[in-house]
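Heads up, the sequence shown is in my numbering, so the first residue is 2 and it goes up one at a time. Heads up: the structure comes next, in structure tokens.
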Amino acid sequence: MAKIEQLLLVAKLAEEEEQQAARLLKQAADRVMAEEQQETLLQQYRFDYLHQLRSRGNGGMGSAVYIQFQQFLERLDGVIVGQQQKISEARRAQIERKAQWDRSRQKRNAIDLLIEKSKAAKALKESRLEQKQADEFSSQQLVRRLMSARNS
């Protein structure tokens with residue numbers, strides 16, 4: 002297999018690797034978005050629950066009910082903190098996937114550049130060979146003319 006054909010095969014594999022890295026990056030970005038949406042929902046739920054607590058508090062509420070509301074808010078705050086940690090983890094994963102995609106893209110670009118250089122080198126070599134053959138043909142014609150002129 003010629004060098005360029007081998008490089009084309011490597012380029013195809015590098016392109017597939019880059020596409021896989023892009024898919025993983027998209028999945029990571031989707032996860033970040035989903036985790037952020039979940040946190041938004043939790044924050045909204047907390048806000049609504051707190052509003053409900055204040056509304057009930059204005060109408061009068063027993064201490065046991067108030068304590069239950071407070072305990073639930075504390076648990077909800079813990080869930081929100083946990084969700085924020087999930088967001089941080091998802092963002093870290095997204096950064097890692099982006100770096101992986103960047104590396105695979107750079108690799109593919111380097112291979113593409115190598116292919117172009119190889120094609121240019123091959124074209125130059127073929128051009129020089131054609132020129133050499135044309136020069137040899139011209140030399141042979143000159144020799145034949147000189148021989149023919151000498152014999153005449």
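All C-beta atoms in this analysis are idealised placements derived from N, C-alpha and C, irrespective of residue type, glycine included.
- Per DSSP, M34 is one residue of the alpha helix (DSSP H) stretching across 4-59.
- With respect to the 7 Å criterion, A91 and V33 are classified as neighbours on the basis of their beta carbons.
- For M148, the uninterrupted alpha helix (DSSP H) run begins and ends at 64-152, by DSSP.
- When rounded, the separation of the alpha-carbon atoms in L26 and R76 is 33 Å.
- A122 and E131 have their alpha carbons spaced roughly 14 Å apart.
- Segment contact: the segment 37-45 against the segment 80-91, three or more CB-CB distances shorter than 8 Å; contact assigned.
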